Amino acid sequence: MLGKILTLFILCFSAPAMGFVVLIDPGHGGEEYGAVKTVRVKKGKKVVKEKVYEKDLALSLAKKVKNYLDPYYTTYLTRSFDRSVGLNERAEMADAVKADLFISIHFNSATNKSSHGFETYYLDNHADAAIKKVETVENKYLEGADKVVNHILIDLVIQKTVSASKKLAGKVHKRIKGSVQKKFNMKDRGIKPGLFYVLALSKRPGILVEAGFMSHHKEIWKLRRKDFLNRYAKSIAEGVKDYFKTKSQKDLPLF
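All residue numbers for the sequence shown refer to our numbering, where the first residue is 80 and numbers rise by one.
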């Protein structure tokens, strides 16, 4: 109940309507930690272990994306602090704010500790085994997702959004590649289709970004840097702006 009250407060008292509306979704939250990495940090004369949570990095990056987009569009966050957000609540928020775009922010992890780099996903069918592993990781945190998703027409959502989502992914990924890849020496893992529940239920053109691998022993330190988060956030925002330059309100899919 408290979560829904706070959501309504956020929706009612955010920035006034200004053209396009963007809903930014920091992955996970509350008891849903997402990826977790233990690092050793120096505090004073001691070296101590410290846990890094995907939910915290995602929130930090999402807030920065919002700050960069605020001067140009009406923007909302699915959560503005550390709390659990159910699948239905995310979908309801997309409807409530009449979002034109849905941007879900995540950080990657893999059992293969050498995996590294950034990638951008859009909602579409595929048969790629490697991508299905990423879907399994991200979708498992959404309680009751299978039951909900089985009752919506995913194919209809894909049909209505895939063209716009793929174009958005291209614009955003191009900006990330141009700004982040060289500066931080990160691998470009490409633009990929994926069946992510959170994108399906938003029923909007959208993308899910995986900003880097927390499981990689070197990359985790880059992901924690403020200059990395600032640059990545600005790249996402610039990609969104590039996308909207080619669109008018009437061009966007409606449900």
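Positions of the beta carbon are idealized from the N, C-alpha and C atoms, including for glycine. Treat the numbers as computed from the prediction; the structure is a model and nothing was measured.
Quick one, which of Ser163, Ser194, Thr190, Leu156 has its alpha-carbon nearest Val176's? The residue you call residue 176 lines up with position 97 of the sequence shown. Looking at the Cα atoms, Leu156 is the closest of the given residues.
Select from Gly318, Gly113, Gly269 the residue whose C-alpha is nearest the C-alpha of Arg254. Within the sequence shown, the letter at position 175 stands for residue 254. It is Gly318.
Determine the contact status of Val236 and Ala178, defining contact as a CB-CB distance below 9 Å. As a working mapping, residue 236 is identified with position 157 in the sequence shown. As a working mapping, residue 178 is identified with position 99 in the sequence shown. Not in contact: Val236 and Ala178 (Cβ atoms no closer than 9 Å).
Taking Cβ positions, are Leu136 and Arg303 nearer each other than 9 Å? Stepping through the sequence shown from its first residue, residue 136 is reached at position 57. Stepping through the sequence shown from its first residue, residue 303 is reached at position 224. Cβ distance < 9 Å, so Leu136 and Arg303 count as in contact.
Coarse secondary structure for Ala290, derived from DSSP in three states: Within the sequence shown, the letter at position 211 stands for residue 290. Note: Ala290 maps to strand in three-state DSSP.
Alpha carbon of His205 to alpha carbon of Lys271, nearest angstrom: Position 126 of the sequence shown, counted from the first residue, corresponds to residue 205. Position 192 of the sequence shown, counted from the first residue, corresponds to residue 271. Approximately 9 Å, taken between the alpha carbons.
Between His195 and Ile315, what straight-line distance do the alpha-carbon atoms span, to the nearest angstrom? As a first step, residue 195 is located in the sequence shown; it is residue number 116 there, counting from the start. As a first step, residue 315 is located in the sequence shown; it is residue number 236 there, counting from the start. If you take the alpha carbons of His195 and Ile315, they lie about 19 Å apart.
Between the beta-carbon of Ile182 and the beta-carbon of Asp267, is there less than 9 Å? For the purposes of this step, residue 182 is taken as residue 103 along the sequence shown, with counting starting at 1. For the purposes of this step, residue 267 is taken as residue 188 along the sequence shown, with counting starting at 1. No; because the gap between Cβ atoms is not below 9 Å, this pair is not in contact.
Could you give the DSSP three-state label for Arg268: helix, strand or coil? Here residue 268 refers to the residue found at position 189 of the sequence shown. Arg268 falls in the strand class under three-state DSSP.
Would DSSP call Asp161 helix, strand or coil? For the purposes of this step, residue 161 is identified with residue 82 of the sequence shown, where counting begins at 1. Asp161: coil per DSSP, three-state reduction.
Locate the alpha helix (DSSP H) running through Glu171, then write down its first and last residues. Here residue 171 corresponds to residue number 92 of the sequence shown, with the count starting at 1. 166 to 175 is the extent of the alpha helix (DSSP H) around Glu171.
Less than 8 Å between the CB atoms is what I'm expecting for Leu140 and Tyr322, so what's the real figure, rounded? Translated into positions along the sequence shown, residue 140 becomes position 61. Translated into positions along the sequence shown, residue 322 becomes position 243. Not confirmed; about 19 Å, so no contact.
Can you name the residues that DSSP bridges to Leu156? As a first step, residue 156 must be located in the sequence shown, where it is residue number 77. DSSP, once it has assigned bridges, lists Ile103 as partnering Leu156.
Spatial distance of Asp203 from Lys262 (CA atoms): Counted from its first residue, the sequence shown places residue 203 at position 124. Counted from its first residue, the sequence shown places residue 262 at position 183. Rounded to whole angstroms, Asp203 to Lys262 spans 31 Å at the Cα level.
Classify Leu148 as helix, strand or coil using the three-state DSSP reduction. The residue labelled residue 148 in the question sits at position 69 within the sequence shown. Looking at Leu148 - three-state DSSP - the assignment turns out to be helix.
Return the CA-CA distance between Tyr112 and Lys320, expressed in angstroms with no decimal places. If you number the sequence shown from 1, residue 112 lands on position 33. If you number the sequence shown from 1, residue 320 lands on position 241. Each residue's Cα considered, the two are about 30 Å apart.
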